[in-house]
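Everything below concerns the one structure shown next.
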Amino acid sequence: MSFIKEYIRTVYRAVSSLLKGMKLTGYYFTHHKEIITQNYPENRDTLNLPERFRGEVVLTHNEDNEHRCTGCTACELACPNGTIKIITQFDVNEEGKKKKALNTFIYHLELCTMCNLCIVACPTDAIKMAQNFEHSVYDRSKLTKTLNAPGSKLMEGVE
Amino acid sequence: MIEEVGTSTDGDLIINIGPQHPSTHGVLHLVVTLNGETVKKVEPHLGYIHRSIEKMCESLSYRQFIYVTSRMDYLSSHINNLGCAHAVEKGLQVEIPERAQVIRVLMSELTRLASHQLWWGAMAMDIGAITPFFHAFREREMINDIMEETCGARLTMNYMVPGGVMYDLHPDFQKKVKEFVQFFRSKFDEYDELLTGNVIFQARTKNVGIISKEDAISYGCTGPVARAAGVSCDVRKLFPYDVYGKLQFDEVLMEAGDSFARYQVRMGEMRQSLSIIDQLIDNIPEGEFQAKTKAVLKLPKGEYYSIVETARGELGVYIISEGGMTPYRIKFRSPGFSNLSALDHMARGSKIGDLVAIMGTLDLVIPDIDR
Amino acid sequence: MTSSELKEQLLQLHPSLSFEEGAEWLHTNVEAVDWIGLAGTLRNNPILSFDFLFCVTCVDWKAHLSMVYHLRSTKHGHTLVVKSKLNRENPEIESVSGVWRTAEFHEREAYDLFGVKFLNHPDLRRLFLTDDWVGWPLRKDYEDPVNMIKL
Amino acid sequence: MLSIESITGSIQDFLFANLPGFFAVLVQFALVGIFVISLFAVLGLVLVFMERKVSAYMQIRVGPNRVGFKGTAQTLADTLKLVLKEGLTPIGADKFLFNLAPFVVMIGAMLLMAPIPFARNVQIWDVNIGVLYISAISSIAVIGILMAGWASNNKYSLLGAMRSGAQIVSYELSAGLSIIAIVILSGSLQLSEIIASQENGWWIFKGHVPALIAFVIFIIAVTAETNRAPFDMAEAESELTAGFHTEYSGMRFALFFLAEYVNIFIACAIGATLFLGGWLPFHIGSWTAFNHIMDYIPSSIWFMGKTFFLIFIIMWFRWTFPRLRIDQLLNLEWKYLLPISLINVLIMTIIAILGWHF
């Protein structure tokens, strides 16, 4: 008799374990409030990315089209992938002294891994990470960007 | 090169599982010799995602090479970065501030939880249950959000730097983590209801893919794979780093060494991780989050080996320095590589379905194996 | 066992061993021909019982290659690093895959990337790279203009 | 009241009134053919959409929600895609068998439509050996699957087909035995008679515990016979990529896909007919008012409701359970289900002979 008892017990346990799982999936089937997926392209406006999110490197400009980059190439040296290329020029100031300044800040988004090392390395806080993450384009060459706005110049007082 | 594989001379069937296959979790290629449904031999062919990270690191400076290691075991990238940071710090002889140590441990445990959650879902999928995968991602998503807020990225964070961490914690960090822990505790029982207790799941994993304690040591298995066989190998206990020495947690050990034991070890580890987070989250000391280090790091001539416990086992980072700005030679002892070498031993004599289940419980991450 | 005790113990068994000081763990140098004998002793001697080979790697020192084996005892908890110099032109060393099973894969890796020939290895083939690959990528003089991108 | 019965009846009257008998029958054949094929297409679309929505909600997702109203046109769009896709034939494949296999599976499923009573007096062919016909024709599907697996010249396909062969052949036994239990109770092989015998109560209620056991075994067996998870050995996505239809693409794949869902529908329809009274409404003893309200619901709705309830249960299985291993699958059949159903049939016979059922 104990054999049959044991057999029935095994079958009971097996069936109840299966029913437990079905109860759980049944719960989620009937409770649509638990749904966690987002309707992504529709919720673009309400999408809230944290301010530290690393989307791409940008060179910040103020209203007067001034940036803080001195062209020191610290970011270029810090970058492990050669993502940043800085072309410098020598400006001559009023006193006749030559001074190194930024000419073009080239940023290869296609090479960037968003490791943030350039931002950490920047001594003047000129560059920062932007929250934009929709980078896809049809032509790879569009991913090579010039970060300094045309006609922009160095902010006063940034050394 | 994929050689001509067909029917071998003694009537066995040779099939290629992978490199593109739903259950190899990436680009693992297994050449399996079958006798009917029974596995006679499993031969892993590696290298489909070999990027020669070791060679790459030889040309990167000590600050730069850390980010590359996120790409090895991408599921526990924090812990990989931590291992590298440790090795560099050993050479630099810097003292890490208490706050940075606590942050590192917190991040490591959150990463471990996220990694185990993904493993749980992926393993269930290997065994044929698809729903758990999505349930696991719900909790993992919360960890990713926490990571995103503090570290700025969701998967390859690059948050650990030599001397500490890159930034201080986000002001909301403690609140969010507490919310997550509470939520996860309430959902953890669902994991058991959905999978652990399920009679089909137990039938599929018990007494399958058994590895003995001696074999586990000999094959160099570490992490949950070895602990399921009864090998005490938790680096956090054996060679405590950061603040692990001061924490109260148990090393989850099982004796059976089968797939179900490996499953239970990981489930137990998730509970231990939660308890570690509980102990630390209210006791983050004030202070610096980064020790002062020079802008250009140079390690003195010598050899530095650091060990950390990733979600998959023991990660060793072996740096040989000649005193320059870049490592002379760097070697990553990845846990998955050794665990994979035991797959043939475990899977022989089992069915194809079991092979897939065993691979699931080994928790292989292919970039970690190929590097 | 501490490093100094380990050193004494090892010297008793193999008086020809030389040691390096200063690192975290005890480093010992062994001739390539003596390695397989020493490996058996390290593994089976009950006082040493180095049953866990956790890292096998090779280093290219330009003049010569050097194999590095990291060993730990799960029973006693001590660690030992064994190094062996190899000839760069014809690097050959006995395989220890019979002593520690994990060595089979690690040695294949070292063969693949450094070209070290492991004698009596059960299945010495390239592991990561294709079978027809030319050269040993992790050696310092390896040049590959196609696959290596210099920044 | 507009019912399917009146529509079919008037069509038949119209045809026989206006055409000579032979042509009327021919036109009827054509109409039935169109009906079956369109039912196939509609069922495929509806069931695939249902499966995707059920799985989505169980997996805390939304599921298809873009194409058409709330995503309802999603499966139509997918079908269009499949139809437009190129159907590749592997070089080493046996071309004739490779192309034939999806049609064999499909035709097998189509033939099974014949004796199913969709509503009161709506049946394509009320054959007097209906149950026998069903068990015989449902075995044809396995030939199609074996053909597909063999002709693909792919080891995954072959393994999947062999598994499927072993599985379907074994599970047919217990499916057949649980059907026989009902045949014993009702004393007829004709499906319309079986339904008629349930006029005063469905067999699942009238037949005591043995009928319930037979019902459970029937559900398990048809889940296995239609290759559905947790018994999807033939496909076993994580093991054999896609099993027997690994090499199929485009329209031929769509046929396999469609046949799977139609098979589920037919299996559940048979289950509903045998155990849940087919198109009969739900009656409770002497509650005449309640019974009257139930009678007001059209018989086709009753039939579809019961069938879709069973389909939902089978889908529920699929999205909850892990897959069994092949040896465990066969163990379950030969060591548990078959002995239980044999004893069950014995008990059922005793009940039927002694007239203990209600």
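Chains as they are written, first to last, in the numbering used here: chain A, 2 to 160; chain B, 3 to 373; chain C, 92 to 242; chain D, 946 to 1303.
Note that CB positions come from ideal geometry on N, CA and C, so glycine has one too.
Contact check, residue 196 (chain B) vs residue 118 (chain B), beta carbons under 8 Å: no
Opening and closing residue of the beta strand (DSSP E) in which residue 145 (chain C) lies: 143-151
Short-range partners of chain D found in the region 19-43 of chain B, where Cβ spacing is below 9 Å: 19, 22, 23, 24, 25, 36, 38 and 39
Three-state class that DSSP yields for residue 5 (chain B) in the structure shown: Caution applies to residue 5 (chain B), whose pLDDT of 44 falls short of 50 and renders its modelled position unreliable; the model cannot decide the point.
Beta-carbon proximity check, residue 226 (chain B) vs residue 271 (chain B), cutoff 8 Å: yes
Nonlocal neighbours in the same chain, by C-beta distance under 6 Å from residue 20 (chain B), ignoring five residues either side: 26, 30, 31 and 32
Contacting residues, own chain, Cβ-Cβ under 7 Å from residue 97 (chain C) (five flanking each side not counted): 117, 169 and 171
For residue 4 (chain A), the first and last residue of its enclosing beta strand (DSSP E): First-last for residue 4 (chain A): 3-31, but that is the alpha helix (DSSP H), not the beta strand (DSSP E).
C-beta contact flag for residue 69 (chain A) and residue 159 (chain A) at 8 Å: yes
Burial state of residue 93 (chain C) (16 or more Cβ within 10 Å): exposed
Nearest neighbour of residue 65 (chain B), chosen from B:207, B:354, B:124 and B:296 [CA to CA]: B:296
Cβ-based neighbour list, residue 1168 (chain D), same chain, cut-off 7 Å, excluding 5 preceding and 5 following: 1176, 1259 and 1262
As assigned by DSSP and simplified to three states, the class of residue 324 (chain B): coil
Where residue 2 (chain A) falls, given that 16 or more other Cβ within 10 Å makes a residue buried: exposed
Same chain, Cβ closer than 7 Å to residue 150 (chain A), five either side skipped, listed in chain order: 62 and 66
Near the ligand HEM: residue 1204 (chain D) beta-carbon under 7 Å from a heavy atom: Annotation note on the ligand HEM: not contained in the displayed structure, which lists no ligands.
Contact between the region 165-185 of chain B and the region 304-311 of chain B (3+ Cβ pairs under 8 Å): no
Candidates D:1128, D:1058, D:1065 and D:1139: closest to residue 1241 (chain D) by CA position: D:1065
Alpha-carbon spacing of residue 166 (chain C) relative to residue 214 (chain B), whole angstroms: 16 Å
Buried/exposed call for residue 5 (chain B), threshold 16 Cβ in 10 Å: Low local confidence applies: a pLDDT of 44 at residue 5 (chain B) is under 50, so the model's placement there is unreliable, with the coordinate-based value given in what follows. Under this definition residue 5 (chain B) is an exposed residue.
Contact list for the region 210-239 of chain C against chain B, Cβ threshold 9 Å: 214, 217, 218, 219, 220, 221, 222, 223, 228, 229, 231, 233, 238 and 239
Where residue 256 (chain B) sits in the DSSP three-state scheme: coil
Beta-carbon proximity of residue 925 (chain D) to residue 1193 (chain D), cut-off 8 Å: Because residue 925 (chain D) is not part of the residues shown, which for chain D are 946 to 1303, the question remains open.
Given residue 330 (chain B) as reference, the closest of B:290, B:103, B:340 and B:90 once Cα atoms are compared: B:90
Straight-line Cα distance separating residue 126 (chain C) from residue 190 (chain C): 11 Å
Any C-beta of chain B under 8 Å from that of residue 66 (chain A): no
Test: residue 136 (chain B) CB closer than 8 Å to a CB of chain D: yes
Cβ of residue 169 (chain A) within 8 Å of any chain B Cβ: It is not possible to answer for residue 169 (chain A), since the shown part of chain A is limited to 2 through 160.
For residue 1251 (chain D) and residue 1238 (chain D), the rounded distance between their alpha carbons: 17 Å
Stretch-stretch touch, CB-based, cutoff 8 Å, three pairs: the region 339-353 of chain B with the region 103-113 of chain C: no
Neighbourhood of residue 208 (chain B) by C-beta distance below 7 Å, restricted to the same chain and skipping five residues each side: 260 and 262
Inter-residue spacing [alpha-carbon to alpha-carbon] between residue 16 (chain A) and residue 1199 (chain D): 35 Å
Pick from A:32, A:115 and A:106 that is closest to residue 153 (chain A), judged by C-alpha positions: A:106
Distance, residue 1115 (chain D) Cα to residue 1276 (chain D) Cα: 10 Å
Closer than 8 Å to chain D by CB, residue 23 (chain A): yes
Contacting positions in the region 182-206 of chain B - beta carbon closer than 8 Å to chain D: 196, 197, 200, 202, 203, 205 and 206
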